[in-house]
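Working notes for the structure below.
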Amino acid sequence: MDINLKANSAAAEEDRLIDTEVINQVTTLVFAATDTTSSALSRIFYLLSLQPEAQDRLRDEICAARTQDGDLDYKQLDRLQYLDAVVRETLRLYAPVPFVERTARKDTVLPLSQPIVGIDGTDIHEITVPKGTTVTVAIMRANRDPEIWGNDAQEWIPERWLDSAPDKVANAHFPGVYSNMMTFLGGSRACIGFKFSQLEMKVLLCVLLESFAFSLSDKDIIWNLGVMVTPSVNGSVKPQLPLIVSKI
1 MDINLKANSA AAEEDRLIDT EVINQVTTLV FAATDTTSSA LSRIFYLLSL QPEAQDRLRD
61 EICAARTQDG DLDYKQLDRL QYLDAVVRET LRLYAPVPFV ERTARKDTVL PLSQPIVGID
121 GTDIHEITVP KGTTVTVAIM RANRDPEIWG NDAQEWIPER WLDSAPDKVA NAHFPGVYSN
181 MMTFLGGSRA CIGFKFSQLE MKVLLCVLLE SFAFSLSDKD IIWNLGVMVT PSVNGSVKPQ
241 LPLIVSKI
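Following this line, the structure appears as structure tokens:
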């Protein structure tokens with residue numbers, strides 16, 4: 001909050017926010033992205049527990065970087081390729097928010113990336129959306145489209161991010177703000193803190209994986225689909241993810 005106030009007071013008068021506008025940012029700063037980031041981290045630790053070879057590879061990368069550079073700053077974290085690949089692949093396949101709704105503020109026409117066949121057999125290349133229509137944005141479906149991501153689109157493969165993106169991915173023209181996917185949405189209503197969220201996840205992964213190993217417990221984990229995806233033990237609705245944590 002102090003940083004916001006100082007930045008606002010230093011801004012040109014025409015760009016300066018009124019006090020009420022600055023204060024209204026407190027809710028965003030305090031509450032936004034806490035559940036979504038924790039959901040993504042839960043999924044990452046679960047997947048690393050399922051695939052210990054991926055966990056070992058990630059730990060080796062982190063430890064090697066820490067041995068060479070000590071505490072890692074933002075740029076050094078960003079250079080850890082496998083760490084970035086693990087985060088990206090998890091956010092692609094398991095977006096914490098699988099869908100959102102948007103209401104058209106004016107009549108518009110949505111072009112389709114691929115034509116669909118109407119009931120009369122004709123190809124439809126665009127859809128008319130009247131003002132006031134609520135549209136569901138299927139984030140999970142877009143992020144898992146086999147026409148774009150390939151036949152292994154439903155699989156968690158961090159290695160897909162270690163090479164240049166295939167032409168179909170690079171040319172998909174997703175409106176999302178992040179990595180040719182819709183996880184953080186796009187446009188003026190995109191997630192404002194998507195870079196901060198990634199940084200939080202990477203820092204926490206570095207700190208924990210350097211000192212601890214994670215493995216599955218004997219609990220049956222269910223991933224509950226809703227406005228946000230949350231884990232729970234089978235038979236319970238309480239969000240939780242029991243794992244075995246071992247000191248290295």
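Using UniProt numbering, the letters of the sequence shown map in sequence onto residues 1 to 248.
Each residue gets a CB set at the ideal place from its N, CA and C atoms; glycine is no exception.
- Your pair Arg43 and Thr90 checks out as a contact, with CB atoms roughly 6 Å apart and the cut at 8 Å.
- Contact between the region 111-124 and the region 151-170 is absent: fewer than 3 CB-CB pairs across the two stretches fall below 8 Å.
- Non-local beta-carbon contacts of Ala138 in its own chain, meaning distances under 7 Å to residues more than five positions away in sequence, involve Phe99 in chain order.
- In this structure Leu48 is in contact with Leu58, their Cβ atoms being roughly 7 Å apart against a cut-off of 8 Å.
- Counting only unbroken stretches of 4 or more residues, the alpha helix (DSSP H) elements lying wholly within the region 54-121 are 74-78 and 81-93, in sequence order.
- For the pair Leu5 and Lys195, the Cα-to-Cα distance works out to about 21 Å.
- In this structure, the straight-line span from the alpha carbon of Ser39 to that of Gln240 is close to 10 Å.
- If you compare the alpha carbons of Ile222, Lys247 and Pro130 with that of Ser236, the shortest gap goes to Ile222.
- Looking at the DSSP output, Val177 shares a beta bridge with no other residue.
- Sequence-distant partners of Cys63 (beyond 5 residues in either direction) whose C-beta falls short of 8 Å from its own C-beta, in its chain, are Glu210.
- Thr20 sits in a helix when the DSSP states are folded into three classes.
- Closest in C-alpha terms to Pro146, from the list Val169, Gly132 and Thr128, comes Val169.
- For Thr230, the enclosing beta strand (DSSP E) begins and ends at Thr230 to Val233.
- In this chain, the alpha helix (DSSP H) harbouring Trp149 covers Pro146 to Trp149.
- Between Asn143 and Leu93, the C-beta spacing is below 8 Å.
- By the neighbour-count definition (other C-beta atoms within 10 Å, threshold 16), Thr183 is a buried residue.
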